[in-house]
Amino acid sequence: MKAQHSALCVEEAEEAVKELRAALKNAGIILPSLRIDPASLAREAPCPLVELGRCSVEAALRLTAAVR
Numbered sequence: 032m033k034a035q036h037s038a039l040c041v042e043e044a045e046e047a048v049k050e051l052r053a054a055l056k057n058a059g060i061i062l063p064s065l066r067i068d069p070a071s072l073a074r075e076a077p078c079p080l081v082e083l084g085r086c087s088v089e090a091a092l093r094l095t096a097a098v099r
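Going from the sequence shown to the numbering used here is simple: count from 1 and add 31.
Spelled out as structure tokens, the structure:
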């Protein structure tokens with residue numbers, strides 16, 4: 032059951048990254064380092080975190096405007 036739960040968590044995280052990447056692209060924002068954090072997958076029962084990573088100043092300003 033643990034493995035099944037972990038697999039579901041990873042699938043959900045992958046889908047979240049995919050959806051976030053698409054939404055950001057529609058807003059003209061690219062986060063090149065957007066991914067699942069590999070360190071969060073290294074546990075016995077992975078609980079993935081989404082790593083937003085680094086971006087340009089322009090992307091940060093666009094992201095700020097989109098969130099506002």
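Beta carbons are placed, not taken as given, at the ideal position from N, Cα and C, and that holds for glycine.
Quick one: complete beta strand (DSSP E) runs, 3+ long, within the segment 43 to 94?
Entirely contained in the segment 43 to 94, not one beta strand (DSSP E) run reaches 3 residues.
Within 10 Å of its beta-carbon, does residue 39 have 16 or more other beta-carbons around it, so buried, or fewer, so exposed?
Residue 39 should be labelled exposed.
Please identify the residue among 62, 48, 79 and 99 whose C-alpha is closest to the C-alpha of residue 85.
Closest by alpha carbon: 62.
To which residues of the same chain is residue 65 closer than 8 Å at the C-beta, ignoring the five residues directly before and after it?
Excluding sequence neighbours, residue 65 sits near 48, 51, 52, 55, 81, 82, 83 and 84.
Would you report the Cα separation of residue 79 and residue 59, rounded to the nearest angstrom?
Going from the Cα of residue 79 to the Cα of residue 59 covers about 26 Å.
For residue 76 and residue 37, which I take to be in contact (beta-carbon distance under 8 Å), what is that distance rounded to the nearest angstrom?
With 8 Å as the limit, residue 76 and residue 37 qualify as a contact, their Cβ atoms being about 5 Å apart.
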